[in-house]
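**Q** Just so we're aligned: the sequence shown equals residues -11 to 69 in our numbering.
Just so it is clear, CB atoms sit at the ideal spot from N, CA and C, and this is done for glycine as well.
Because the structure is a prediction, the values reported are computed rather than measured.
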Amino acid sequence: MAAATSSPILKTLSGVPRGNTAVVSHFGDQTLAGRLISMGVLPGSLVMVMRSAPFGGGMYVKADNLLLALRSEEAGTIIIR
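1. Please classify residue 26: is it buried, with 16 or more other beta-carbons within 10 angstroms of its beta-carbon, or exposed?
2. In this structure, how does DSSP classify residue 67 when only helix, strand and coil are distinguished?
3. Run the CB neighbour count on residue 51, radius 10 Å, all protein chains shown included, and call it buried at 16 or more, exposed below.
4. Quick check: the Cα distance between residue 11 and residue -3, rounded to an integer number of angstroms?
5. Among 61, 57, 53 and 38, which has the Cα closest to the Cα of residue 5?
6. When burial is assigned at 16 or more other CB atoms within 10 Å of the CB, is residue 62 buried or exposed?
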């Protein structure tokens, strides 16, 4: 019987609850990655979720002393570890 291969489940910033922190691993969207990197959000940055809007709205985060408002789609492309 062949062993089933499983793909790793990636965690994104959109799944982090308010008040918790995470470390940016990489980005799922290269266009967005360029914009975030130019603002100072780099792989290895410590990100804290400050507030989340209800019903899947955006979120307000602090990344290495930088405050950002992100749409839920944008936060969903930031892969964390």
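**A** A quick look at the data gives this:
1. exposed
2. strand
3. buried
4. 16 Å
5. 38
6. buried
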